[in-house]
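To convert, count from 1 in the sequence shown and add 33; that's my numbering. Quick reminder that beta carbons are idealized off the backbone N, C-alpha and C, glycines included.
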Amino acid sequence: MLLLVTLAACVCALSGANARAQSTSVFATGLRAPTKIILSQDGNLLVAEAGNGPNTGRVSIVDRSGNRRTVLDGLPAGLAAPNLEPSGPEGLAGGGRTLFIAIGIGDVVRVGPRPGSEVPNPNGPSSPILSSVLAAHFDSSVDHLTGGFTLTLADQFTLADGFDVTLENSAGERVRIELVADFRDFVPDPRTIVRPSHPFGIEFNGNELYVVDAAQNTVMEVKIDARRVQTRVRFAPLNNPTPVGPPQIEAVPTSIRQFGDDRNEMLVTLLSGFPFPVGGTQVRKINVATRSNELLISGLSSAIDVVGLRFQGRDQFYVLEFSANQLAQAPGRLLRFDAPNGPPAVVANDLITPTSMAPDFATGAMFVTEIFTGRIIRVGI
């Protein structure tokens, strides 16, 4: 629930943000709460959408003209407490004939009897496979599909029972869906009553998937063939530099990306919890083999995604901030760091609730999803 509270904090004032900088333009509209975006093999955009109600999660493909078509609909989703914000597909990895989709918290929990507490949804969740990872195996590349597929609630129960589901569209194309990981919906917590699982980012790395859990503050490794899950990294609370709120705040990891020459090294953004301190969030570099993590970039505000580049021994980083100041309901920013400890260049400062980015260096563009506007923004880089 913490992540949804954080994201909801910026909605009101941002709808009246100033006119966009010349470097940004609206590329696509009409998406259902887009949360993650990646490039396809053919250079199109694949988007995970959290939906707008129970089991309305979706994966779409957007071509280079900004036209959207459905790849997979009817994915697990629900309206999350406390503000009934959409939560469904929230991580996306792979491409070609296989996509891995991280499914978020949905409506697994509701507000508890005391401040900051949560309890299991007394009405039950909308789906039996919230807080999970699905694999979609298509019989042709997603770039070349001529029609979409729809998963039913009955299909979701079949997946929960341990069986794969094969769907066929009107063009005779097929996709096989499998449940790769089904995380515990929640665990007991003495402070919050229960603490839910909220997968919010995923990275594909050979035979493993790495999933950040924004509620558990962890990175989990999923062995694809064995369907075995291990917790590789746990993030400690962050210090709260403000006089508002507790002395320490939740880390809230939101994205994960492989970085550099060592396949075990990855970058993770920490969004943080209330009071969302300006300059109080980070990018961490983790090693999933040694289970270590270290500070890479500090002084950020509501960091939600990062892209790291290494060329001829030099590193460069693009960092996406959900908001430059959440309590003031400020817009989000895209920053570029030519060194992790150097001052950033502000690439864009007028993004409205941005959640994810996909770089296309061939065309000099960064494509950014905005969850509450339903848009993809093109930013010149």
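Which of helix, strand or coil DSSP assigns to residue i
i: F394; result: coil
i: D176; result: helix
i: Q249; result: coil
i: A357; result: coil
i: S150; result: coil
i: V379; result: strand
i: P119; result: strand
i: T89; result: coil
i: V141; result: coil
i: G76; result: coil
i: E110; result: Checking the sequence shown, residue 110 turns out to be Ala, not Glu. Coil, per DSSP.
i: L64; result: coil
i: D348; result: strand
i: G341; result: strand
i: S58; result: strand
i: I257; result: coil
Residue range of the alpha helix (DSSP H) that includes residue i
i: F233; result: Looking at the DSSP string, F233 is not in any alpha helix (DSSP H); the run it does join, the beta strand (DSSP E), is 232-238.
Residues bridged to residue i [DSSP beta-bridge criterion]
i: T402; result: S389, I409
i: T131; result: G128, H170
i: L384; result: G365
i: L333; result: T314
i: L105; result: V92, F182
i: I70; result: V80
i: I136; result: P122, S165
Pairwise C-alpha distance: residue j and residue i
i: M399; j: A391; result: 6 Å
i: G195; j: P376; result: 50 Å
i: G205; j: E354; result: 42 Å
i: E283; j: R347; result: 32 Å
i: P122; j: P274; result: 33 Å
i: Q249; j: A61; result: 33 Å
i: A81; j: L125; result: 6 Å
i: A135; j: N326; result: 23 Å
i: K318; j: S356; result: 22 Å
i: L58; j: I385; result: A small correction: the amino acid at residue 58 is Ser; Leu does not occupy that position in the sequence shown. Roughly 12 Å between the two C-alpha positions.
i: D393; j: F292; result: 17 Å
i: E151; j: D218; result: 12 Å
i: G413; j: G306; result: 30 Å
i: R101; j: V262; result: 34 Å
i: V287; j: R207; result: At residue 287 the sequence reads Thr, which differs from the Val that was named. C-alpha separation (whole angstroms): 32 Å.
i: D422; j: L242; result: Past the boundaries of the shown model lies residue 422; the chain is included only from 34 to 414, so the question cannot be answered.
i: T68; j: P146; result: 30 Å
i: A381; j: N156; result: 43 Å
i: S159; j: S230; result: 15 Å
i: S164; j: V379; result: 35 Å
i: T225; j: V311; result: 25 Å
i: S98; j: G76; result: 11 Å
Near the ligand GTP: residue i beta-carbon under 6 Å from a heavy atom
i: G90; result: Among the components modelled here there is no ligand, and therefore nothing to report on the ligand GTP.
Run of the beta strand (DSSP E) containing residue i, from where it starts to where it stops
i: R97; result: That residue, R97, is in no beta strand (DSSP E); it is neither H nor E in DSSP.
Minimum Cβ-Cβ distance from residue i to chain D less than 7 Å
i: L178; result: No chain D appears in this structure, which consists of one protein chain only.
**Message:** My parser needs the beta strand (DSSP E) runs of 3 or more residues fully inside the stretch 260-329; what are they?
**Reply:** Complete beta strand (DSSP E) runs here, min 3: 261-267, 286-291, 298-303, 314-320.
**Prompt:** What are the start and end residues of each continuous beta strand (DSSP E) run of 3 or more residues lying completely inside the stretch 180-233, in chain order?
**Reply:** At a cut-off of 3 residues, the continuous stretches assigned as beta strand (DSSP E) that sit fully inside the stretch 180-233 are 198-201, 207-215, 219-222, 226-229.
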